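2 protein chains.
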Amino acid sequence: MTERYAVRQSGSGGQGMILAGVILAEAVGIYDGKNVAQTQSYGPEARGGASRSDVVISDGEIDYPKAEEIDLLMTLTQESFDNYHKSLKPDGILIYDSDYVKPNVKNPPFKMYGYPIIRVAREYVGKEIVANIVALGIIAEKTGIVSKESLEKAVLARVPKGTEVLNRRALETGYLLAQGKKLLD
Amino acid sequence: MTERYAVRQSGSGGQGMILAGVILAEAVGIYDGKNVAQTQSYGPEARGGASRSDVVISDGEIDYPKAEEIDLLMTLTQESFDNYHKSLKPDGILIYDSDYVKPNVKNPPFKMYGYPIIRVAREYVGKEIVANIVALGIIAEKTGIVSKESLEKAVLARVPKGTEVLNRRALETGYLLAQGKKLLD
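Listed below in structure tokens is the structure:
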């Protein structure tokens, strides 16, 4: 039986969900050396500004990278929560921005964790634009699907030169948030 | 019958094949408004530095984004040509860097076009790093799968601030190369 783990990161365009997908896939595929596929799909609705990327990790061949059954869903917007929460497996994990998303589902079968991801990026890390990297830190801490060493390497290989310290801080902040540390008043 | 067109862009890590895939997918999906999926896969062999990304355009639902039957293959390295030319459809198109790739196939069933893409990026456009954007211009000119207006929008939305003129020049240069213009001595 092949083990398979699918992560969907979703938000609005400009929130860096595609870069986050590429980074997670490179951390797992290049640095941890596992089989991984990373996909994003667009249709006419993409003009509305929604953005998502999927990463599927497998210990066997990945012949079907589409992530229909999501193990972990990260949502930074209400629209992306509304669109995708039904794709979560019953034993899956939802991680959401608690300032922007109300997970209005009765008796959800999945686990839910809310954090003020974007506000923490802006006020604690120092730049809202690294919210996607904070989110990656949360995913890594909550799931263990990627080693911290590999994730940091992949982040630093992809972010613009001169932003390495900011992004390393964003990643560490994601770990702290997921560990339950209170970072803002 | 659903029309489907699959493009694989391949080279070594650092040549920007993944960014090129994201840009092509966004041009077709967001700006041209078609259904498109963009995928990259990594396995343990990715440590060797090979890099590829696939874009599948469809006029229907895309339920299978893996590009097993490639309509257009762009290769910037011999290794990527060797790995992927067998995935090309018989009526497909191969585009390759003529300085780095020898397409050593007897009686190839596909069409072949070689250009000194990397050298043109370095010596005519001014920076080797935009070879991936030159390549996108060639793909657009040879296939017509993406409108030039949409491709330019997508390029400018994804490249680093301050490099817009360089990248616009790279794209125009790709069109000229594909039209058969001689740009270097």
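If you read the sequences in order, they're chains A and B.
For the first sequence, position 165 (counting from the first letter as 1) is numbered 167 according to the numbering used here, and the numbering increases by one without interruption.
For the second sequence, position 162 (counting from the first letter as 1) is numbered 164 according to the numbering used here, and the numbering increases by one without interruption.
Here a beta-carbon is modelled for each residue, glycine too, at the ideal position from N, C-alpha and C.
Because the structure is a prediction, the values reported are computed rather than measured.
Residue-level contact by beta carbon fails for B/N85 and chain A, as no gap is shorter than 8 Å. Interface residue (Cβ-Cβ distance to chain B less than 8 Å): A/G62 is not classified as such.
Classified as buried, A/E154 has 16 or more neighbouring CB atoms from the shown chains inside 10 Å of its CB.
For a Cβ distance threshold of 8 Å, nothing in chain B lies close to A/G182: the least Cβ distance comes to about 32 Å. Between A/V107 and A/A172, the C-beta spacing is not below 8 Å. Sixteen is the threshold: since fewer than 16 other Cβ atoms of the shown chains lie within 10 Å of the Cβ of B/Q181, the residue is exposed. Listed along the chain, the chain B residues whose CB falls inside 8 Å of the CB of A/A27 are Q42 and Y44.
A residue is called buried when at least 16 other Cβ atoms come within 10 angstroms of its Cβ; A/P92 does not meet this threshold and is exposed. For B/A39, the nearest beta carbon of chain A is closer than 8 Å to its own beta carbon.
Assignment of A/Y115 by DSSP, reduced to helix, strand and coil, places it in the strand class. Nearest to B/D56 by alpha-carbon distance, out of B/G45, B/L74 and B/G62, is B/L74. DSSP lists A/I59 and B/Y44 as the bridge partner or partners of A/V38. When secondary structure is reduced to three states using DSSP, A/G23 falls in the helix class. In its chain, beyond the 5 residues on either side, L158 have a beta carbon closer than 6 Å to the beta carbon of A/E166.
Membership of A/D84 in any beta strand (DSSP E) is not indicated; the residue belongs instead to the alpha helix (DSSP H) covering Q80 to Y86. For A/P162, at least one C-beta of chain B is nearer than 8 Å to its own C-beta. Secondary-structure assignment with DSSP links B/V9 through a beta bridge to B/V57 and B/L74.
Counting along the chain, the unbroken alpha helix (DSSP H) around A/Y177 starts and ends at E166 to A180. Identification of chain A residues near B/V157 by a Cβ-Cβ cut-off of 7 Å yields none; the smallest Cβ-Cβ distance measures about 15 Å. Between the alpha carbons of A/I119 and B/E81 lies a gap of roughly 42 Å. B/Q11 has its alpha-carbon roughly 9 Å from the corresponding atom of B/A137. Nearest neighbour of A/Y98 by Cα position, chosen from A/K129, A/G45, A/R170 and A/K144, turns out to be A/K144. When Cβ-Cβ separations below 8 Å define contact, B/V24 makes contact with chain A.
Using a Cβ-Cβ cut-off of 8 Å, B/I20 counts as an interface residue toward chain A, since at least one Cβ of chain A sits closer than that to its own. In the three-state DSSP reduction, B/K184 falls in the coil class, being neither helix nor strand. Residue ranges of uninterrupted alpha helix (DSSP H) with 4 or more members, entirely inside the segment 98 to 160 of chain A and ordered along the chain, are 119 to 122, 133 to 145 and 150 to 160.
Excluding residues up to 5 positions away in sequence, S53, L78, A133 and N134 lie with their Cβ nearer than 7 Å to the Cβ of A/Q17 in the same chain. For B/N37 and A/P111, the gap between their C-alpha atoms comes out near 32 Å. Under the three-state reduction of DSSP, A/G15 is assigned to coil, being neither helix nor strand. Contact between B/I20 and A/V122 fails: their C-beta atoms lie close to 28 Å from each other, not under 8 Å.
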